[in-house]
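Take 1300 as the starting number for the sequence shown in my numbering and just add one per residue. First comes the structure, then the notes that go with it.
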Amino acid sequence: MENSASMLETQNLDSNGLAALAAEWRRRALRGEENARGIAHALEVEVRRIGGTRPVPAHDLDTRPLALRQPDRPWWKPW
C-alpha cells in the first residue's frame, strides 16, 4: 500500500468510511489512475478483514455514461 497522508487517515475510519474510501479508489482505478488498483485492493481487503460492510456493488462503480448504462427499450413499446 502506498505510504501517503491519505492512506494514514484510514486508521481513524470506521468500516463504512473505509468501504467508501475503497470505493473511491476503485473508481479511480477504473478510470485508469496509476497505482489506484493496488490501493483499492488493499482497502477492500481491510474492509473484509474487519468484517464491516461489503465493498460497493459493481453497478455503483460503472463509469460509462448514464445513457449507455440504461437498457434499450423494446421496439414494440414506443413510450
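By construction, the Cβ of each residue, glycine as well, lies at the ideal position given by its N, Cα and C atoms.
Annotation for Gly1316: the continuous alpha helix (DSSP H) segment containing it runs Ser1314 to Leu1329. In this structure, Leu1360 sits away from Arg1327, with a CB-CB distance that is not shorter than 8 Å. Straight-line measurement puts the Cα of Leu1329 at about 10 Å from the Cα of Arg1363. In this structure, Val1346 places its C-beta atom within 8 Å of the C-beta atom of Leu1317.
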